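Written below as structure tokens is the structure these notes are about.
Residue numbers (the UniProt record's numbering): 1 to 916.
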């Protein structure tokens, strides 16, 4: 793949591009068509530039059609495989292109393509020793063939005399580097790959060598096109004839001698080459026969080993022989036959007698010796496998014996000590029964192990019969196992009889223990539950909950006499057990196996229950009294909260109505609101009293009150909102009075503004949204679309547009945005009534402007464009004159005088039109 990629790039570089991955870069067909155009010198059909699969298939089909048009038959190569990145099909297609355009046109003495290229290589490398080109694979492994081709045409590039046949890596890398650097032949092959494979890839070698052919054959053709001949369309015939005749007379005398010398050199070179081939054959045949002679005795050795490890080592040695030592010799044998056939062919072609190797070194002799080697090898392998199978059988039996013996010995470890224990003498009945069951299980296990003991003995017998090398140790171990087995059988019978005797003695006591446990356990649980309930901390919040606890406690006290009778009966069972133990001298090793409860524990818990009952009575009485006091506090708070809460709500609604209604003058409304505020403030003592009751509730840890929906937090928030609302309403009226007096707005105008505001404040929130504000302005006749004009009584185009807006059409957004920035500077989305009044007052009142102030200053200045400080002090009060002098900038106009001040910039700055 690397060779094909390099070959393609050597041509694609002529078009200013290259490929990185041969499987992927030809998938769209573009670079494939470009490659064919470069190597053929012809133009293909215009490619598709789309990215879809159908465009890629179309491009590849155009390339394949062009290849087919050159007489190349494409077998099983389709455009779909190339587009899908099929590596095998892509490489096959590239090889077809190489054959057609790089190799097929090669022609040497009526031979073409592969044969012609091979003949060309043979002729070019014929004068070089140790170079024998017979094919396109192993003949090139030592690298001398590539170096010879380069040296034949460019001897200055390589010092051929320093190259060695036994250093193929250096030879190959030298040839590849020189070809790439000086001949513009890309490095298509890798030296490690060629040396490391027994048979290099033939197609890769052919592709690379064809590049040498084209490089050197093209160079020869160029030698004839030099000088003036190149620059002249038709060189002068007489001049050329005259010049060529000089060559004829100069060299005609030397031609015969040169021809004779060339013939002699050719004959001697062929003879020297043949002699070298004969020497190589003799040496290679001798080395191969010597290796066969040394190897056959090793393969005929049938001395067995006692261990599997030793036999496996022999098998590993044989595998190394097959894998490492024999393959090179197979290759040498093949090369020997090839050299022999090549030598005979050369001798026949050069009319030389056939080569006869030394005695015993004929190809047939080597084949016979090789056959003997193969036979010894086959017999040795069969013997190894049979011997390994035999040792495997013995090792398997020995390992099986060891495993079974180890398992048996591990099982019997400690069994004799267990069977000799006297643990049943101090055991309880349950323990005796457990020991009996355990012993029965052991007897079953013992019987099951009888088969293993018999298998161990049988395996030992088989190892003896097969003459196992470690039989003595196997026999000794088998005897120990059999002796131990007999001893275990006797001890097992003795222990079984002792356990059965002890079992009958303890059964009577066990029945009494069981009855005690069955009655003591539930009674003990009852006492523990009773103590837990009597000591449980209760948390109640109502009278009903504490009454329920008191009723349950009285029911519990009624069960105590019956519980005391059960206690006495349980203690009677324990006394009966003690009497039986004392009478029959039973060795009781422990306590009751069915329970850990004892009589002392029962009596202690009973006394504890009796002590806790009166304590619980007192706690319930105290909690009942506390809950009664809590209920009183709840009712006391609820009675006041249920009055104050609605009162606050009513006052809030009344203030809202007062702020909307327009009865009387603003001074009348202000006086009415102040009187209303005083009545609200006088209600504060009731709020404080409610706070006191709330403090008592918090101290009593009361968290709910079913008698009211109002909490103290609700009351506080409502009270604060009420005070804030009345204060804000009074402030709004005061601001309206200030606005009226400052702007000269009449009461009727204020009432009109209030009526319009209230009309569009549909949710009575005291504010207007943006759309509500727009509608309110329209209703007042405000021209949103063109505020710069005043009413003249004439409806021009813009006035007509405003009229349409007032009838429901869209308003001018820019002008409305400007108004919104005035009334809602914080961009809250709402307009308060005060902001509305301020805006309407500014629009309705006759206010001063910057132009009016400038005109006034001009009067004081005597119609000059500047004013002097003395003029200001003469006409204005001292403080205001000083204020103007300190803030007016110096006048810089063409008519300025010393001390002139700029009253124009000062006037515009007063109204925010410039900076002071």
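The C-beta atom is built at its ideal place from N, Cα and C for all residues, glycine as well. These numbers were taken from a predicted model, which means no experiment stands behind them.
Checklist entry - DSSP on residue 19, reduced to helix/strand/coil? => result coil
Checklist entry - residue 403: buried (16+ other C-beta within 10 angstroms of its C-beta) or exposed? => result exposed
Checklist entry - Using CA coordinates, which residue listed in 697, 378, 655 is at the minimum distance from residue 677? => result 655
Next on the checklist: Below 8 Å on the Cβ atoms is my contact criterion, and I expect residue 543 with residue 628 to pass it. Report the Cβ-Cβ distance as a whole number of Å.
Outcome noted: 7 Å
Next on the checklist: Does residue 159 come out as helix, strand or coil in the three-state DSSP assignment?
Outcome noted: coil
Item to check | CB-CB length for residue 641 against residue 715, believed under 8 Å | outcome: 6 Å
Checklist entry - Is the segment 147-160 close to the segment 117-130, with three or more CB pairs under 8 Å? => result yes
Item to check | Local Cβ density within 10 Å of residue 632, reported as buried at 16 or more and exposed below that | outcome: exposed
Checklist entry - residue 440: buried (16+ other C-beta within 10 angstroms of its C-beta) or exposed? => result exposed
Item to check | Stretch pair the segment 181-192 + the segment 204-217: three plus CB contacts closer than 8 Å | outcome: yes
Item to check | Cβ-Cβ separation, residue 553 to residue 616 (assumed contact under 8 Å), whole Å | outcome: 6 Å
Next on the checklist: Does residue 411 pass the burial test, meaning 16 or more other C-beta atoms within 10 Å, or should it be called exposed?
Outcome noted: exposed
Checklist entry - Alpha carbon to alpha carbon, how far is residue 567 from residue 706? => result 48 Å
Item to check | Residue interval of the beta strand (DSSP E) (run including residue 831) | outcome: 830-832
Checklist entry - Which partner residues of residue 32 appear in the DSSP bridge assignment? => result Paired residue(s): none; residue 32 is not in a bridge.
Item to check | Option in 193, 489, 391 with minimal Cα separation from residue 443 | outcome: 489
Checklist entry - Among all the DSSP beta bridges, which residues are the ones paired with residue 889? => result 902
Next on the checklist: According to DSSP, residue 867 sits in a beta bridge with which residue or residues?
Outcome noted: 901
Item to check | Residue from 564, 556, 575, 424 with nearest C-alpha to residue 497 | outcome: 424
Checklist entry - Cβ of residue 165 within 8 Å of Cβ of residue 144? => result yes
Checklist entry - Which value, in whole angstroms, describes the spacing of the CA atoms of residue 871 and residue 859? => result 11 Å
Checklist entry - Taking the C-alpha atoms as reference points, what is the distance between residue 74 and residue 117? => result 23 Å
Item to check | Three or more C-beta pairs below 8 Å linking the segment 279-291 and the segment 362-375 | outcome: yes
Item to check | Residues that residue 769 bridges to, as DSSP identifies them | outcome: 830
Checklist entry - Exposed or buried, residue 572, counting other C-beta atoms within 10 Å across all chains shown (16 or more means buried)? => result exposed
Next on the checklist: Applying the 10 Å Cβ sphere with the 16-neighbour rule, what's the burial state of residue 580?
Outcome noted: exposed
Checklist entry - What is the DSSP secondary structure of residue 5, counted as helix, strand or coil? => result helix
Checklist entry - Can you tell which of 646, 38, 4, 114 has its C-alpha closest to the C-alpha of residue 88? => result 4
Checklist entry - Secondary structure at residue 541, three-state DSSP: helix, strand or coil? => result coil
Item to check | Straight-line gap, residue 917 to residue 297 (C-alpha atoms, nearest Å) | outcome: For the chain, the structure presents residues 1 to 916; residue 917 sits outside this window and is missing.
Next on the checklist: So, under 8 Å CB-CB, residue 168 and residue 131 are touching, yes? Tell me the CB distance rounded to an integer number of Å.
Outcome noted: Actually they do not touch by this definition, with Cβ atoms about 13 Å apart.
Item to check | Meets three-Cβ-pair contact criterion under 8 Å: the segment 860-867 and the segment 817-836 | outcome: no
Checklist entry - Are residue 666 and residue 730 closer than 8 Å when you measure CB to CB? => result no
Item to check | Pick from 574, 606, 851 that is closest to residue 592, judged by C-alpha positions | outcome: 574
Checklist entry - How close, in whole Å, do the beta carbons of residue 83 and residue 56 come, if the pair is a contact with beta carbons under 8 Å? => result 5 Å
Checklist entry - If we count Cβ pairs, one from each stretch, closer than 8 Å, do we get three or more for the segment 478-489 versus the segment 426-441? => result no
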